[in-house]
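Chemist: Have a look at this one before I ask anything.
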Amino acid sequence: MTSDPLSLFADVKAAQARGDVAAMKALYAVDATMYEPYMTGTVSGPDVAVRMGSALGTDFSAVEYDLIGSIVSGERAAVEIDERVTLLDGKVVHLRNCTIVECRDGLIVRWYEYLQPHKRRS
6 MTSDPLSLFA
16 DVKAAQARGD
26 VAAMKALYAV
36 DATMYEPYMT
46 GTVSGPDVAV
56 RMGSALGTDF
66 SAVEYDLIGS
76 IVSGERAAVE
86 IDERVTLLDG
96 KVVHLRNCTI
106 VECRDGLIVR
116 WYEYLQPHKR
126 RS
């Protein structure tokens, strides 16, 4: 496992797609903060890893993404993706997602996620 913020982002998304709470706990600092205004609001501490890792099967049945771009500066990254979330009823939702990741000592301390419905280009 690497400790740069972009690699940590990819590790989180992979663990999320597997529903792997144990992997999430290894990626987040115990004092981490997650902000997702559309889902959970603000979550802090060990609950961040549990919330992110347990969403598969609770909130959705599958998640995939394509990386659009990223900006990395030291221990911070801004990552933009197109995300496809399969809900429990089988409906697929397309989202444009921008996540700000901040790490310390190889662990995520802040995960701020902002998204909007994906606008199809014609």
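Under the working numbering, the residue at position 73 of the sequence shown is numbered 78, and the numbers go up by one with no gaps.
We put the beta carbon where it would ideally sit given N, CA and C, even for glycine.
Between Glu69 and the rest of its own chain, which residues show a CB-CB distance below 6 Å, the 5 nearest in sequence each way excluded?
Modeler: Counting only Cβ-Cβ distances below 6 Å, and skipping sequence neighbours, we find Arg89.
Chemist: Taking the alpha carbon of Arg23 as the reference point, which residue from Gly62, Pro51 and Ser12 has its own alpha carbon closest?
Modeler: When only C-alpha atoms are compared, the closest one is Gly62.
Chemist: Taking 8 Å as the limit between beta carbons, can you name the residues of its chain near Arg109, skipping five residues before and five after?
Modeler: Here the set comprises Ala34 and Glu80.
Chemist: I need the DSSP call for Leu93, collapsed to helix, strand or coil.
Modeler: The answer is coil: DSSP assigns Leu93 none of H, G, I, E or B.
Chemist: Along the beta strand (DSSP E) that carries Ser4, what are the first and last residues, could you check?
Modeler: With the chain represented from 6 up to 127, any question about residue 4 goes unanswered, as that position is not in the structure.
Chemist: Could you give the distance in angstroms between the alpha-carbon of Cys103 and the alpha-carbon of Ala82?
Modeler: Using only the alpha carbons, I get a separation of about 10 Å.
Chemist: Consult DSSP for Ala60 and reduce its assignment to one of helix, strand or coil.
Modeler: Coil at Ala60, not helix or strand.
Chemist: Who are the Cβ neighbours of Ala54 in its own chain at under 6 Å, not counting the five residues just before and after it?
Modeler: The answer, listed in chain order, is Met29, Lys30 and Tyr33.
Chemist: Compare the Cα-Cα distances from Pro51 to each of Asp94, Arg115, Leu120 and Tyr119 and report the closest residue.
Modeler: Closest option to Pro51, Cα to Cα, is Arg115.
Chemist: Output needed for Glu72: all residues of its chain with C-beta closer than 6 Å, excluding positions within five of it in sequence on either side, in chain order.
Modeler: According to the sequence provided, residue 72 is Leu. The question's Glu does not apply to it. Ile86, listed in sequence order.
Chemist: Just verifying my parser: in three-state terms, what is the DSSP assignment at Asp110?
Modeler: In the structure shown, Asp110 sits in coil (DSSP, three-state: anything other than H, G, I, E or B).
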